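Quick note on numbering that gives the first Met the number 0: the sequence shown kicks off at 0 and runs consecutively. Think of the CB as a built atom: it goes at the ideal place given N, C-alpha and C, for glycine as much as any other residue. No experiment lies behind these values; they were computed from the predicted model shown.
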Amino acid sequence: MSYNKLRIAKIVEETPDARSFVLEIPADLAEKYRYRAGQFLTFRVPHPEGAFNRCYSLSSAPETDGLPKVTVKRVEGGKGSNWFHDALKEGLTLEVLPPAGRFVLGDGDAPLLLFGGGSGITPMMSLIKSALKAGQRRIRLFYANRDKPSIIFDSELVSLLAAHNGRLEVIHHLDAEQGLTQPAEIVAALKGFENAEAYLCGPGPFMTLVENTLLAAGMPREKVRLERFEASGNDAVPIEPDEGDVIPSEITIHFEGKAHKVPYRKGLSILEAARAAGLNPLSSCEEGFCASCAAKRIKGKIVLAKNDIYTPDDLANNWILTCQGHCFGPEVEITYDVV
Ligand SMILES: Cc1cc2nc3c(=O)[nH]c(=O)nc-3n(C[C@H](O)[C@H](O)[C@H](O)COP(=O)(O)OP(=O)(O)OC[C@H]3O[C@@H](n4cnc5c(N)ncnc54)[C@H](O)[C@@H]3O)c2cc1C
């Protein structure tokens, strides 16, 4: 997957430490950069010690915003976010990979119960705007921040509330006034939204608290979707064959419309096997939480060393993380051509 050069059309100061970057998409890249609300872009950040990648969720929605927009919060001591804030100007170009991610709205019209913490609001804004425009779902957003000045999209949310009388509800939580978010607040937010689909994004401890509270309150696991901005700290499971499992000597990978027979050996992830064979699928965190490298299993046994993103439903529908997927059995076949 190769990077595209996209020009920064506009930079918006959202809060003292959050800026949005609106990107221009040339006509010949329009199809490649078509996205769904909740997805993210991956950016190549130049650095004297070697360039690296950072992902940023789209805070725009395809149904309501002309150009795609990402919103970056400055992280103290962070290499990527500070480069976005300090080095970038309107008119400069960025090296970008196409939209990816599966933190998108499911079909149907179940209400949406969204939990955003800090910069975790970015995919929520996209989901909210998309859902308000495209359907009739009721939406409740629980939005936790340090204090009032750090609320990103405060005025945009006020406008959305005014424009969508009754369908959108926002519950603000401010640590400075209320202390850290407590389980009782999550239980209260769930009231009347017991049949909703929940979407969570924010700092790790916030997500853990919300997820555990929703599950303990009886929300089914498959109704809770997570977008992690950082690794969860969950350990990878050791990958060992079960008795009778053979390791395939080659696997079949469908990529960019072609089927490739790719050499495979014990210990390789599918992504590593693909790369060794000269394929170049999209990837980013390579720690099992961003889903840039998502693909689907067609045949054979695939074990994921780590999975911080897929629900049991996703797994049952054969979604795999190729950076974490190891192959067993005589025949294994996967496809990248579904994402
Ligand atoms: C799918 C996805 C979507 C995302 N969307 C957004 C978004 O919409 N908006 C957003 O703002 N962010 C988003 N992120 C997070 C973003 O990608 C970056 O992780 C974030 O901006 C921090 O990157 P950084 O390079 O600034 O920090 P890093 O340099 O990675 O540092 C992160 C933290 O670690 C500390 N640190 C770094 N090195 C060391 C060290 N050696 N010892 C001790 N501490 C250290 C830093 O001080 C900092 O606190 C997203 C992430 C993912 C995976």
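Who pairs with I170 in a beta bridge, going by DSSP?
F141
Is the number of C-beta pairs between the stretch 292-299 and the stretch 321-332 that are closer than 8 Å three or more?
yes
Secondary structure, beta strand (DSSP E): runs of 3+ residues fully inside the stretch 47-121
51-56, 68-72, 92-99 and 111-116
Kindly indicate which three-state DSSP category V11 falls into: helix, strand or coil?
strand
Taking 7 Å as the cut-off, is the C-beta of F327 nearer than that to any heavy atom in ligand 1?
no
Run the proximity test for T92: is its beta-carbon closer than 7 Å to any non-hydrogen atom belonging to ligand 1?
no
Measuring straight from C-alpha to C-alpha, what distance separates V69 and S248?
42 Å
Whole-number beta carbon distance between S56 and F39, since they are thought to touch under 8 Å
4 Å
How should I269 be labelled, buried or exposed, when 16 other C-beta atoms within 10 angstroms of its C-beta is the threshold for buried?
buried
Do P15 and P148 have their C-beta atoms closer together than 8 Å?
yes
When burial is assigned at 16 or more other CB atoms within 10 Å of the CB, is V209 buried or exposed?
buried
For the stretch 260-280 and the stretch 8-27, state whether three or more C-beta atom pairs, one from each stretch, are separated by less than 8 Å.
no
Between C326 and N233, what straight-line distance do the alpha-carbon atoms span, to the nearest angstrom?
22 Å
Closest to N279 by CA distance: which of A304, G287, H253 and E286 is it?
H253
Kindly give me the distance between the Cβ atoms of A143 and F192, rounded to whole angstroms, as I take these residues to be in contact under 8 Å.
That belief does not hold up - the Cβ atoms of A143 and F192 are roughly 17 Å apart, past 8 Å.
Between which two residues does the alpha helix (DSSP H) containing I185 stretch?
P182 to L189
Selection from E184, D307, L214 and L179 that minimises the alpha carbon distance to V236
D307
Quick test of the definition: if touching needs 3 or more C-beta pairs under 8 Å, does the stretch 128-140 touch the stretch 42-51?
no
Is the distance from the Cβ of L189 to the Cβ of L112 below 8 Å?
yes
Contact defined as beta carbons within less than 8 Å: I believe D153 pairs with D174. What is the distance between those atoms, to the nearest angstrom?
Going by Cβ atoms, the distance from D153 to D174 rounds to 16 Å, so no, they are not a contact pair.
Beta-carbon separation (whole angstroms), G287 vs L320, contact threshold 8 Å
5 Å
Round the Cβ separation of A36 and L104 to the nearest angstrom and send it over; I've been treating them as touching at under 8 Å.
6 Å
Determine the contact status of V169 and A197, defining contact as a CB-CB distance below 8 Å.
no
Is it the case that the CB of T334 approaches a heavy atom of ligand 1 more closely than 7 Å?
no
Between V95 and ligand 1, is the CB less than 7 Å from at least one heavy atom?
no
Looking at C-alpha atoms only, which residue of F228, R227, N211 and E226 is the closest neighbour of R220?
N211
With 16 other CB atoms within 10 Å as the buried threshold, where does L213 fall?
buried
Residues bridged to I333 (per DSSP):
I252 and R296
What's the C-alpha gap between A183 and P61?
35 Å
Could you tell me whether any non-hydrogen atom of ligand 1 is closer than 7 Å to the CB of E226?
yes
What residues does ligand 1 have around it, judged by CB closer than 5 Å to any heavy atom, in chain order?
F39, R53, C54, Y55, S56, V71, K72, V74, G76, G77, K78, G79, S80, S118, T121, F228 and C289
Closest by C-alpha distance to I151, when choosing among E239, G116, I7 and Y309
G116
Can you find the residues in the same chain that come closer than 7 Å, C-beta to C-beta, to H46, ignoring five residues on each side of it along the sequence?
K78
Verify whether the separation of the beta carbon atoms of E94 and F42 is less than 8 Å.
yes
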